[in-house]
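Sequential numbering of the sequence shown, starting at 1119, is according to our numbering.
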Amino acid sequence: MTRDNTFGLMVGFGLGVGIALLFAPDTGERTRSRIAKRTQEGADYVKRHATTLRDSASDIIEKSQDEVTRQAEAVKAAVETGARAYRRAANS
1119 MTRDNTFGLM
1129 VGFGLGVGIA
1139 LLFAPDTGER
1149 TRSRIAKRTQ
1159 EGADYVKRHA
1169 TTLRDSASDI
1179 IEKSQDEVTR
1189 QAEAVKAAVE
1199 TGARAYRRAA
1209 NS
């Protein structure tokens, strides 16, 4: 499931729960309490997943930077080797 689909599912679920609670045969105070509780649970869920996503993105960025550095060093070494070989061939 893509991130957009998951977000849409969560929004739809939240709206469905909210509407169901509004039409439930409870007192207004109890219904508002339930809505507040579910809203807080939803906010907590989003915070947990946002933290996980941020941590994953940070790991990917760090690994990518390391790989770019490694590749740059390999290219630099190859260029230096080629330059030395050229100079040797030119001096022979």
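Using N, Cα and C, we set each Cβ at its ideal position, and we do this for glycine too.
All values derive from a computational prediction rather than experimental measurement.
Below 8 angstroms on the Cβ atoms is my contact criterion, and I expect residue i with residue j to pass it. Report the Cβ-Cβ distance as a whole number of Å.
i, j, result
"R1148", "V1135", "Their Cβ separation, rounded to whole angstroms, is 15 angstroms, which puts R1148 and V1135 out of contact at 8 angstroms."
"G1160", "G1132", "5 angstroms"
So, for residue i: in the same chain, excluding its five sequence neighbours on each side, which residues have a beta-carbon less than 6 angstroms away from its beta-carbon?
i, result
"L1140", "none"
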